[in-house]
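In the working numbering, the protein residues as written are -10 to 367. Notes to accompany the following structure.
Here it is as structure tokens:
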């Protein structure tokens, strides 16, 4: 073989062997490992700092829904219970019933009161018409006696009649005038009794009708219905129990509205905005990540609320050299809430992707995926 060609072929091989010996000597030295560990630490710190701002994650998160305490609006003994613990119910489904008999009796009593009120009004209207007719009759009588009195006065003046007839005519006229005033007072009394109205309805009838409507409403309230579609829980009720108005007897977890409360450190809130996508890992479903959307970011916590007390403000001394960051609530909603069954209080880990073009988004998602796999073990 030509020596020049041989030299060209052997030189790269010698270079690789020399590089390998250099790497071997470097790996075996303490300096290499110190630098390697420092480089790993720097990379992890840089990754944490970047992800903390552009793809923040928190494991302090839990599911919430509207939890409605179901309480009757009337008192009474429970006569029927139509649901069982943890049963799924639809909106307006009958949950339990309170003894309706006292309320039915009240409705019947007020129906009679309303009927009597309507009858009384009709009677008063008839009496008013009769009084008005009497007023008209008396007015005619007064007009007649006045004419007779005036005629007797002229005749008496001419000495064509006796004084007795003149006095008798005058007395009859005065009596008729007094009777006119009396009938006017009676008519006014009847009119005043009918003047009290609520709208176009007489007050007595309107009052009885309102009381009857209230009694019917109370009767309807003896049937307690589900306030929303959801699950009945904490059922502490049986037939024979006495229910008090306003006192909760069971709880209904509404399933039409779910959200996740994610408590993020204040140092991660700068770039979080409403509408940003989020990944949600739930311990109830290990190995799965659900998509969500940021709904709102909390503006405060109880820690910073000042309460006027009339005293000087109390300033707490920090217990740590570097106090931990405050946490604020960020509400996240699932994009497909009907995809799985959820439970109030179930814990979760939430990652918010503040920048869709952030180069470390895949790595952040990968670490969240690792987190979901670890849920199989805890």
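For each residue, glycine too, the CB sits at the ideal point set by N, CA and C. On a predicted model such as this, the values are computed, not experimentally measured, just so you know.
With a CB to CB cut of under 7 Å and the five nearest residues on each side skipped, what residues in its chain are close to residue 352?
-> none
In three-state terms, what does DSSP make of residue 35?
-> Residue 35: helix per DSSP, three-state reduction.
Is the segment 50 to 70 touching the segment 249 to 269, taking contact as three or more C-beta pairs under 8 Å?
-> yes
Roughly how many angstroms lie between the CA atoms of residue 242 and residue 82, to the nearest whole one?
-> Going by C-alpha positions, residue 242 is about 14 Å away from residue 82.
Short Cβ contact (8 Å threshold) for residue 276 with residue 362 | yes
Answer with buried or exposed for residue 20, where buried requires no fewer than 16 other C-beta atoms within 10 angstroms of its C-beta.
-> exposed
Excluding sequence positions up to five away, which residues of its chain have a Cβ less than 7 Å from the Cβ of residue 169?
-> 127, 128, 131
Where residue 235 falls: helix, strand or coil (DSSP) = Coil, per DSSP.
Report back the beta-carbon spacing between residue 116 and residue 172 to the nearest angstrom; my notes put them in contact at under 8 Å.
-> With 8 Å as the limit, residue 116 and residue 172 do not qualify as a contact, their Cβ atoms being about 13 Å apart.
Under 8 Å Cβ to Cβ from residue 291, same chain only, skipping five residues before and after it: list those, please.
-> none
Can you name the residues that DSSP bridges to residue 270?
-> 278, 338
Could you give the uninterrupted runs of the beta strand (DSSP E) lying entirely in the segment 81 to 130, keeping only those of 3 residues or more?
-> Given a length threshold of 3 residues, each whole run of the beta strand (DSSP E) inside the segment 81 to 130 is given here in chain order: 83 to 87.
Three-state class that DSSP yields for residue 186 in the structure shown = DSSP places residue 186 within a strand segment (E or B) once states are collapsed to three.
Is the beta carbon of residue 78 less than 8 Å from the beta carbon of residue 219?
-> yes
Flag this pair as yes or no: are the beta carbons of residue 201 and residue 99 separated by less than 8 Å?
-> yes
Opening and closing residue of the beta strand (DSSP E) in which residue 323 lies | 316 to 323
Endpoints, the beta strand (DSSP E) within which residue 212 is located = 212 to 214
Just how far apart, CA to CA, sit residue 278 and residue 335?
-> Whole-angstrom Cα-Cα distance: 14 Å.
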